[in-house]
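One line per chain: the protein sequences are A and B, in this order.
Read in the numbering used here, the first sequence has 30 at position 36, and its numbers run on one by one without any break.
Whatever position you read off the second sequence (first residue = 1), add 11 for the numbering used here.
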Amino acid sequence: MSEPTTSPPSGVTAEPKPGAVPDQIANETQGRRWVRRGLEFLRLVKMREGQLFLFLAVLIGVFSGLLVVCFQMAINTTRLWLLGSALAPAAVRVILAPALAGLVVAFLVMRVFPQVRGSGVNQTKAAVYASNGHIPFNTVAGKFITCALAIGSGQSLGPEDPSLQIGAGFASWLGRRLRISRDKVRLIAPVGAAAGLAAAFNAPIASVLFVIEEVIGRWSAGVLGAIVLAALSSVVVMRNFLGAEPLFRVTSYRLGHPSELVAYAVLGVVGGFAAVIFTRLIAALRPRLMRLPWRTHYVQPAIAGLVVGAIGLAFPQVLGAGYETIDQAMHGQYTWQLLGILAGVKIIATVISFSSGTPGGMFAPSLFIGAMLGGAVGGVERHFFPGLTGSVGAYALVGMGTVFAGFLRVPMTSVFMVLELSGNYSIIVPVVISNAIAYVISRRYQKVPLFDMLSRQEGMDLPSLEAQREESTLRVESALQEYRAPLLHGVQSVADALRQLEKSADQHFLVDQGAQGWSLVTKERLQMLAQQGKGGISLRDLPDSTRLPHVHPDQPLEMALRRIGDHPLLPVTNRVNLDRLEGVLSLEDIMHAYRASMAGP
Amino acid sequence: MEQDHICPLCGHAIPPGEPDCPRCRSNLFLQPDTILGLTLAGLLVLFVITGFAVQAYLGKYAALGQQWYRRGTSDLNAGHVDDAIVDFRTALIYARDDENYDLSLAQALIAAGRLDEAQAYLTSLWERDPGNAQVNLELGRLYAREGNTDETLRYYHSAMYDEWPGRDPAEARRAVRFELFRFLMQHGDQGEAKGELIGMAALLPPDPALYTQVGQLFMEVGDYTRAAYEFEAALKLDRNAEAALVGGGEAEFHLGNYDAARRHLERALRQKPDEASTRQIRDMLDQADLVLATDPFNPGLKVAERNRRVIEAFKQAVSRLAACGAPVTTGAAKGGPATASAPASGLAGLANRAGALQPQVREDVLTQNPDLATDVMNFVFDAEQSTTQGCSAPQPLDRALLLLASRRGSSEK
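1) By the 7 Å beta-carbon criterion, what residues does the segment 123 to 138 of chain B contribute toward chain A?
2) Does PRO33 (chain B) come out as helix, strand or coil in the three-state DSSP assignment?
3) TRP428 (chain B) to ASN147 (chain B), Cα distance in whole Å?
4) Measure from the alpha carbon of GLY395 (chain A) to the alpha carbon of each residue in A:SER385, A:THR407 and A:VAL386, then state which is nearest.
5) Taking LEU564 (chain A) as part of the beta strand (DSSP E), name the residues at either end of that continuous run.
6) List the residues that DSSP assigns as beta-bridge partners of HIS483 (chain A).
7) For LEU120 (chain B), collect the residues of the same chain with a Cβ closer than 8 Å to its Cβ; drop the 5 residues on either side in sequence, then sort them by chain order.
8) Under a CB-based cut-off of 8 Å, is LEU38 (chain A) close to chain B?
9) Can THR352 (chain A) and GLY186 (chain A) be called in contact, C-beta distance under 8 Å?
10) If distances are taken between C-alpha atoms only, which option among B:MET196, B:LEU301 and B:GLU203 comes closest to ARG410 (chain B)?
11) Is the CB of HIS325 (chain A) under 8 Å away from at least one CB in chain B?
12) Residues of chain B with a CB under 9 Å from the CB of ALA80 (chain A): which are they?
13) For the segment 425 to 455 of chain A, list every residue whose C-beta sits within 8 Å of some C-beta in chain B, in sequence order.
14) So what's GLU239 (chain A) in DSSP terms, helix, strand or just coil?
15) Under 7 Å Cβ to Cβ from ARG278 (chain B), same chain only, skipping five residues before and after it: list those, please.
16) Might you give, ordered along the chain, the residues of its own chain that have their beta carbon closer than 7 Å to the beta carbon of LEU581 (chain A), omitting 5 neighbours on each side?
17) Could you tell me whether the Cβ of HIS23 (chain B) comes closer than 8 Å to any Cβ of chain A?
18) Look at the Cβ atom of PHE410 (chain A), then the Cβ atom of ALA200 (chain A), and state whether they are nearer than 8 Å.
19) Kindly confirm or deny that the segment 203 to 211 of chain A and the segment 378 to 390 of chain A touch, where touching means at least three C-beta pairs closer than 8 Å.
20) Which chain A residues sit within Cβ distance under 7 Å of TYR112 (chain B)?
21) So for THR516 (chain A), helix, strand or coil by DSSP?
22) What is the DSSP secondary structure of VAL545 (chain A), reduced to helix, strand or coil?
23) Tell me, please, which residues DSSP counts as bridged to SER532 (chain A).
24) How is LEU572 (chain A) classed by DSSP in three states: helix, strand or coil?
25) Restricting to Cα atoms, I'd like to know which of B:GLY76, B:ALA186, B:LEU221 and B:LEU87 is closest to ASP109 (chain B).
26) PRO443 (chain A): which of A:ALA554, A:LEU391 and A:GLY266 sits nearest, CA to CA?
27) Which first and last residues belong to the alpha helix (DSSP H) in which THR319 (chain A) is found?
28) Quick check on DSSP: helix, strand or coil for ARG107 (chain B)?
29) Against GLN322 (chain A), what residues of chain B qualify as contacts under a CB-to-CB distance less than 7 Å, listed in chain order?
30) Find the residues of chain B that neighbour GLY387 (chain A), judging by a C-beta separation of less than 7 Å, and give them in chain order.
31) Can you tell me whether LEU286 (chain A) is buried or exposed? The criterion is at least 16 other CB atoms within 10 Å of its CB, across all chains shown.
32) Taking 8 Å as the threshold (beta carbon to beta carbon), is TYR68 (chain B) in contact with chain A?
33) Give the list of continuous alpha helix (DSSP H) stretches no shorter than 4 residues that lie fully inside the segment 379 to 445 of chain A.
34) Label GLU316 (chain B) either buried or exposed according to how many other C-beta atoms from any shown protein chain fall within 10 Å of its C-beta, with 16 as the threshold for buried.
35) For TRP75 (chain A), which residues from the same chain have a beta carbon less than 8 Å from its beta carbon, with the 5 sequence-adjacent residues on both sides left out?
36) Check whether the Cβ of CYS18 (chain B) lies closer than 8 Å to any Cβ atom in chain A.
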């Protein structure tokens, strides 16, 4: 090719105006020409947007995996610099590092990256529901830098939520730059979120479930494939660099006797209430700190760092994400008394760190609290019932999922997360029981889920996905009315039909047209036809006879609303026998049902 | 909406009627294809950079892990177990997949008596690598401390049959068997212990020290025949091995082969052992000499010498009975030899038997009636054995007679 062709753009580009491109090419420099020729290669592979979306999912997954690997390294390297390599850092470092880092973080959050404050999950949700998938790219850089500094200095926060947002932010940026459609841009942020979370947790299934449970809120086949691809890609990349070992190593578990499940049920109760306390403390402290004069926001993370450092002097285990402490608890290192204390002080430290506006996530702290609480409950139970076969490690593992389920209100994710984090599938029954109990208790005593509460504190009204999940759908059967008017048949003549309707006061009548479905006639029209001498025509052959759509009793009422249109009546038929009329719906019936549901039980 | 006319990329207004921003459209570096190409290039660059960064990071972590591990090892060697535990835990933060660190931590926890924690670490290690001999051994030791014989046997046996990378497997397995043997002996399971020894003896390399060691262990379980065999095997490889000579002498002594015992012990003495050993060997040798000089049934003895030994033995038994408060009166019991060989009931019965025998225990009678020597010696053995408890300490001759009595019992069995 001597001249660059005016090749059409790939499926992702808008069609350029004819004539504009040749001028542009004619004027381009030699260097630009080479770049353009290089890009010809990419244009060889033409992709429809759906295919491109899947390709981008892999690309986002790989990128997110790399970014999360770098993020993890940044956190750990910061920790080494600021706190040293010892398990229990020196007192001066413990006091000064989180406080001084808090000052720097506060400055960055206030002046350079204002959007990094708050929950990454909510910001991703906001991108999906409110900003057409838009997450500013500087959020990615901001989260990376500020969270690495905060968590590395010992603030009691975790790296998962920032990882999620880093993935989502990158995905959003890439989607916008590639000018994919608005619908796809809106969905691409959750794809990146799943990738970021999967790499941070080394748990692809749990991450996919989390994004579906908490960000998207629905099982959409279109986006599910992309989310799975992204999560898997990022995990593969992360494992390639940092190893494939699960986050925690727990000895295998064997249930000695079914009655031992009662012990895990008790753990579910304790974990549920711990989750409620944790959430309520955040609900109480965070708005108060947010309402303080804005100048105080420059020092709030530093003060939080000072408090966390003071706690860290006595309990260095609470500093940072605390994964190594979880691992040690699972190996029975601590007494049940100390485990209980650690759970308590971690709640306090995390509430202070998070409420102060220090960026960071609460996944790891909730796992920490759960593990400590689980170990403590297990220790107490084993003290009084030495016959229990589950190790303290097993209780710690179940406890992690329990508090996670109760605190973040993601019951499915918590089950799979425990399985993936430990690589131990034998513990599923206790995990399910304990998580379910904690979830129910949390719902009972903390009406607003954590993420909804945080979004309201930040002045947003994002959809509550838990509420959506729990929302009862109104169905046709709830508005269904019995059809009392005479039922006509297509084989009947007009005169015959009029005779049948003689004593009826109704105006609209359904006509059973057999295999052709249902139609509607009015008495007035039949009388008119009779007057015109067309009394012998069968109802099937009536001119301008409108076929009616129908619905079934189990279908959503919303569908009836869409189908009824201008028809005065909508037949409701049996699914198995379409000729059997279950009842009818009018627009008034539908509206009445909606009004009744809004009025409540 | 107003925001629809603002380009999301450059922020400039899009003229009405234009599908997208002409400014961005004309900029090559804002073209989607360019972005995609640059993203792929950026991916490659980030991949390479991350690779180098991870290498440096993991290298740093590995170095820190080793540093803490060395510190833990020296703390452990210095007996600072608690410090060592913290050091090993710290090492594991930086190299959580290093099984050596896990193992060392478990060993330190065992040393600190924190068995539950150690068990959790070891079980976790075992689940990752069930064929790790060292882990199996540590688990075996752990269960041995808890006194759980079944689990101890299970893990020790696994340790024996697993691979021992970096060590001579035969030597390592032997060491494991020795440990297991000790555990079984401490728990009084001599049968299992002997089984382990037999297994080990079958696989011994030609090393006199090992044969001697196994021989000594066979002595511990009371299998003097196998012990003597092991000592002989050791002496075939090194005829002057002092420990094997002493062991062999002792084994033969216990087997009642006093001649053989004497030969071994005399050779052992010629190796100039230390003072304590010399004293021990001499005691045993004197005992063997005395037994040989006392035994009236020694083949090749002349009748007169045999009769003399029988008479001497009888006198010793009578004086022993007298010393124990059962003086013998001649003719105290009616009846002849038949009565004398009847089962004695207590010292009084023995005194009666002695009284009945005493008139016949003369050289001429013994010469005329050779079977009488057996009856007399049966009485002597019964008397010596009955007076071992509740009487004063036996004299050397009494001990010699007791040994002969015990040999008689063994041969009768």
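Built from N, CA and C at the ideal position, the CB exists for glycine as well.
With the given structure in hand:
1) ASP127, GLU128, ALA131, TYR132, THR134, SER135 and GLU138
2) helix
3) As shown, chain B starts at 12 and ends at 424. That puts residue 428 (chain B) outside it, with no answer to give.
4) A:THR407
5) 564 to 567
6) A:ASP506
7) ILE96, LEU126, GLU128, ALA129 and TYR132
8) Its pLDDT being 49, under 50, LEU38 (chain A) is placed unreliably by the model, and the measurement read from it follows with that caveat. Closer than 8 Å: no.
9) no
10) B:LEU301
11) yes
12) TRP79, VAL97 and THR101
13) none
14) coil
15) LEU256
16) ILE558
17) no
18) yes
19) no
20) Here the premise fails: no neighbours, minimum Cβ distance about 13 Å.
21) strand
22) strand
23) A:SER487
24) coil
25) B:GLY76
26) A:GLY266
27) 317 to 324
28) coil
29) ARG100
30) ALA131
31) exposed
32) yes
33) 386 to 402, 405 to 416 and 422 to 439
34) exposed
35) GLY146
36) no
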